[in-house]
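**Student:**
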Amino acid sequence: MPRAAPRAMRIPHVPGILQSAWHVRRFSGDFAQDAVIAPLLTGTYRITMADEGESSLDKRFWAFFLQGDDSRDYQMQAIFTWDRVADAVLGIYPLGSAETSLDWVGMSPLGNWVLIGGMDDNAGNLAGLTMANKQLTQFHRLDYTTSHADVGLDTDGAEVVVMQNYQTDYVDLIPLSLSTQPILEAGGSYSGTNRTPLIRLFYDSSSSDGFNGGVHVSCNAPGYCVVSTTMPPDTPEQNWLDRAIVLVRLDRSHPRVFYLAKLYNTTAAYWEETHGSVSNDGSRVVWASNWGRNVGQEQMFMLQLAMPANWRQLTGGQ
-9 MPRAAPRAMR IPHVPGILQS AWHVRRFSGD FAQDAVIAPL LTGTYRITMA DEGESSLDKR
51 FWAFFLQGDD SRDYQMQAIF TWDRVADAVL GIYPLGSAET SLDWVGMSPL GNWVLIGGMD
111 DNAGNLAGLT MANKQLTQFH RLDYTTSHAD VGLDTDGAEV VVMQNYQTDY VDLIPLSLST
171 QPILEAGGSY SGTNRTPLIR LFYDSSSSDG FNGGVHVSCN APGYCVVSTT MPPDTPEQNW
231 LDRAIVLVRL DRSHPRVFYL AKLYNTTAAY WEETHGSVSN DGSRVVWASN WGRNVGQEQM
291 FMLQLAMPAN WRQLTGGQ
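170 is the number that the numbering used here gives to position 180 of the sequence shown; each next residue is one higher, with no gaps.
Written as structure tokens, this is what we have:
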């Protein structure tokens, strides 16, 4: 939820702008003319994906929150899905009072599923990371809670989420499938869950080799994701992932991790986090850095790594 909202606003026409490190593209939908959404706009502050959600890759299918205004304490009021090509609302799900602990909402890459970033204290159909059909009538829990993650495609072209798993201390590959099961207990087994551990994080404060940072995930390039890490001030590096960017091949039968770059960035405020991102074709990786200077002032510049032309072959791809 936003820390503060500037003011309530009427939404007669709802334009939007989708931004990433690689493109800016506009879309618009006049939801005030929609018979389903229009009656719900009274008391609405904004229509949002809560910053981290994405559309389908072809920009056809979208999922949104209706966020209430100050009279509703800026709580999320409903989820709805939209077909941009048909300009049609496909489904709407009013949120119960115990279902508003939500981080983000978006679509899977191929537009088959809605992804709902429920937290572990959420209730009802939306406890933990949840996927739903576009009509918002079928819900399936994928993980105990929502953490740093991104949606993508594995090496077989199947839709997945790559996400930090607090219960097992790994970064996991989570297939978007009704056969995928959450791990609900600390130290729980992967057996029968249809998911694959990718990177051991090793958050162990009693260990001299424990990981001290935080992670971000970017899965724009099909078959791969980039994991970047952040480090707070006055924290010693002691793990191979501390201040690093790695490339992960999303091969469920043989996942592999490749070291890409050493980072010289220190994070004392949100916009000083690395936020590494890979381009759609995998040819470039970019990230933010302050090079350890003026820490806490969020004075950042962008670094770019150009991948070799044969990087896919070097990592076992085609």
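Using N, Cα and C, we set each Cβ at its ideal position, and we do this for glycine too.
Checking 8 Å against the spacing of the C-beta atoms, do Q157 and I173 come in under that value?
**Tutor:** Within the sequence shown, numbered from 1, the residue matching residue 157 stands at position 167. Within the sequence shown, numbered from 1, the residue matching residue 173 stands at position 183. Yes, they are a contact pair.
**Student:** Leaving out the 5 sequence neighbours to the left and right, which residues in its chain are closer than 7 Å to S137 when beta-carbon positions are compared?
**Tutor:** Stepping through the sequence shown from its first residue, residue 137 is reached at position 147. Contacts found: M153, Q154 and Y156.
**Student:** E149 to F54, Cα distance in whole Å?
**Tutor:** In the sequence shown, counting from the first residue as 1, residue 149 sits at position 159. In the sequence shown, counting from the first residue as 1, residue 54 sits at position 64. Straight-line Cα distance between these residues: approximately 20 Å.
**Student:** I need the straight-line Cα distance from V184 to N202, nearest angstrom please.
**Tutor:** The residue labelled residue 184 in the question sits at position 194 within the sequence shown. The residue labelled residue 202 in the question sits at position 212 within the sequence shown. Here residue 184 is Asn; the residue named in the question, Val, does not match the sequence. Going from the Cα of N184 to the Cα of N202 covers about 29 Å.
**Student:** DSSP three-state call for R233: helix, strand or coil?
**Tutor:** Here residue 233 refers to the residue found at position 243 when the sequence shown is read from its first residue. Residue state, collapsed to three classes: coil.
**Student:** Let me confirm a value: D146 is counted as buried when at least 16 other C-beta atoms fall within 10 Å, else exposed. Which label applies?
**Tutor:** As a working note, residue 146 is residue 156 in the sequence shown. By the 10 Å Cβ count, D146 comes out exposed.
**Student:** If E89 and A113 are in contact, beta carbons under 8 Å, what's the gap, nearest whole angstrom?
**Tutor:** Residue mapping note: residue 89 aligns to position 99 of the sequence shown, counting from 1. Residue mapping note: residue 113 aligns to position 123 of the sequence shown, counting from 1. Yes, they are in contact, since the Cβ atoms of E89 and A113 sit about 6 Å apart, within 8 Å.
**Student:** So, using beta-carbon positions, are Y83 and D59 closer together than 8 Å?
**Tutor:** In the sequence shown, the residue the question calls residue 83 occupies position 93. In the sequence shown, the residue the question calls residue 59 occupies position 69. No, the pair does not count as a contact, with Cβ atoms beyond the cut-off.
**Student:** I'd like to confirm the pairing. Which residues does DSSP put opposite Y160 in its beta bridges?
**Tutor:** Position 170 of the sequence shown, counted from the first residue, corresponds to residue 160. Note: Y160 sits in a beta bridge opposite N155 and R190.
**Student:** So for W261, helix, strand or coil by DSSP?
**Tutor:** Position 271 of the sequence shown holds residue 261. Of the three classes helix, strand and coil, the one that applies to W261 here is helix, per DSSP.
**Student:** Under 7 Å Cβ to Cβ from L126, same chain only, skipping five residues before and after it: list those, please.
**Tutor:** For the purposes of this step, residue 126 is taken as residue 136 along the sequence shown, with counting starting at 1. Cβ within range, chain order: I69, T71, G81, I82, Y83 and V104.
**Student:** Express the C-alpha separation of M221 and E227 in angstroms, rounding to a whole number.
**Tutor:** Position 237 of the sequence shown, counted from the start, is the residue given in the question as residue 227. Position 231 of the sequence shown, counted from the start, is the residue given in the question as residue 221. Answer to the nearest angstrom: the Cα atoms are 8 Å apart.
**Student:** Could you please give the first and the last residue of the uninterrupted alpha helix (DSSP H) stretch that includes R274?
**Tutor:** Counting from one through the sequence shown, the residue named residue 274 turns up at place 284. Run containing R274: none in the alpha helix (DSSP H); it sits in the beta strand (DSSP E), R274 to S279.
**Student:** Could you tell me the alpha carbon to alpha carbon distance between M290 and S279, rounded to whole angstroms?
**Tutor:** Taking the first residue of the sequence shown as position 1, residue 290 is located at position 300. Taking the first residue of the sequence shown as position 1, residue 279 is located at position 289. Computed Cα separation, rounded: 5 Å.
**Student:** Would you decide whether A117 is buried or exposed? Buried here means 16 or more other CB atoms lie within 10 Å of its CB.
**Tutor:** Translated into positions along the sequence shown, residue 117 becomes position 127. Answer is buried; the Cβ neighbour count reaches 16.
**Student:** Between which two residues does the beta strand (DSSP E) holding L293 run?
**Tutor:** Your numbering for residue 293 matches position 303 in the sequence shown. Counting along the chain, the beta strand (DSSP E) containing L293 begins and ends at F291 to A296.
**Student:** Going by Cα to Cα distance, which pick from A25, Q294 and F248 is closest to S273?
**Tutor:** For this step, residue 273 is matched to residue 283 along the sequence shown. Measuring from the Cα of S273, the nearest candidate turns out to be Q294.
**Student:** Assign T225 to buried or exposed, taking buried as 16 or more other Cβ atoms, counted over all protein chains shown, within 10 Å of its Cβ.
**Tutor:** Start at 1 with the first residue of the sequence shown, and residue 225 comes out as number 235. Classification for T225: exposed.
**Student:** Return the residue from the list A40, D241 and Y249 that minimises the CA-CA distance to P165.
**Tutor:** Sequence index remark: in the sequence shown, residue 165 carries index 175 (1-based). It is D241.
**Student:** Is it buried or exposed, Q23, if we count other Cβ atoms within 10 angstroms and call 16 or more buried?
**Tutor:** Position 33 of the sequence shown holds residue 23. Label assigned to Q23: exposed.
**Student:** Does the Cβ-Cβ distance between V207 and A251 come in under 8 Å?
**Tutor:** Looking up residue 207 in the sequence shown gives position 217. Looking up residue 251 in the sequence shown gives position 261. No, the pair does not count as a contact, with Cβ atoms beyond the cut-off.
**Student:** Which word fits P99, buried or exposed, when buried means at least 16 other C-beta atoms lie within 10 angstroms of its C-beta?
**Tutor:** As a position in the sequence shown, residue 99 is number 109, starting the count at 1. Answer is buried; the Cβ neighbour count reaches 16.
**Student:** Assuming T256 contacts G282 under a Cβ cut-off of 8 Å, what Cβ separation, rounded to an integer in Å, is found between them?
**Tutor:** For this step, residue 256 is matched to residue 266 along the sequence shown. For this step, residue 282 is matched to residue 292 along the sequence shown. Indeed, because the Cβ distance is near 5 Å, the residues count as touching under 8 Å.
**Student:** Under the assumption that I189 contacts V247 (Cβ atoms under 8 Å), give the Cβ distance between them as a whole number of angstroms.
**Tutor:** Here the question's residue 189 lines up with position 199 in the sequence shown. Here the question's residue 247 lines up with position 257 in the sequence shown. That pair is a contact at about 6 Å.
**Student:** Cα separation between R0 and E175?
**Tutor:** Locating residue 0 in the sequence shown gives position 10, counting from the first residue. Locating residue 175 in the sequence shown gives position 185, counting from the first residue. Bear in mind that a pLDDT of 30 at R0, under 50, signals an unreliable position, so the number given afterwards is only what the model happens to contain. R0 and E175: Cα-Cα distance of roughly 44 Å.
**Student:** Apply the 10 Å Cβ neighbour rule to V141 and answer buried if 16 or more other Cβ atoms are within range, or exposed otherwise.
**Tutor:** The residue you call residue 141 lines up with position 151 of the sequence shown. The residue in question, V141, is buried, as its Cβ has 16 or more Cβ neighbours within 10 Å.
**Student:** Determine the DSSP secondary structure at P2, reduced to helix, strand or coil.
**Tutor:** Position 12 of the sequence shown, counted from the first residue, corresponds to residue 2. Per-residue confidence for P2 stands at a pLDDT of 32, beneath the threshold of 50, marking its modelled position as unreliable; the derived number appears in the next sentence. DSSP places P2 in coil when its eight states are reduced to three.
**Student:** Starting from W301, follow the beta strand (DSSP E) in both directions and report where the run begins and ends.
**Tutor:** Counting from 1 along the sequence shown, the entry for residue 301 is found at position 311. Note, W301: premise wrong, no beta strand (DSSP E); alpha helix (DSSP H) at W301 to L304.
**Student:** Which term fits G306, buried or exposed, when burial requires 16 or more other beta carbons within 10 angstroms of its beta carbon?
**Tutor:** Mapped onto the sequence shown, residue 306 falls at position 316. Exposed, because fewer than 16 other Cβ atoms sit within 10 Å of the Cβ of G306.
**Student:** Quick check on Q57: buried or exposed, where buried means 16 or more other Cβ atoms within 10 Å of its Cβ?
**Tutor:** As a working note, residue 57 is residue 67 in the sequence shown. With 16 or more Cβ atoms within 10 Å of its Cβ, Q57 is classed as buried.
**Student:** With a Cβ-Cβ cutoff of 8 Å, do L231 and T219 count as a contact?
**Tutor:** As a first step, residue 231 must be located in the sequence shown, where it is residue number 241. As a first step, residue 219 must be located in the sequence shown, where it is residue number 229. Going by C-beta atoms, L231 is nearer than 8 Å to T219.
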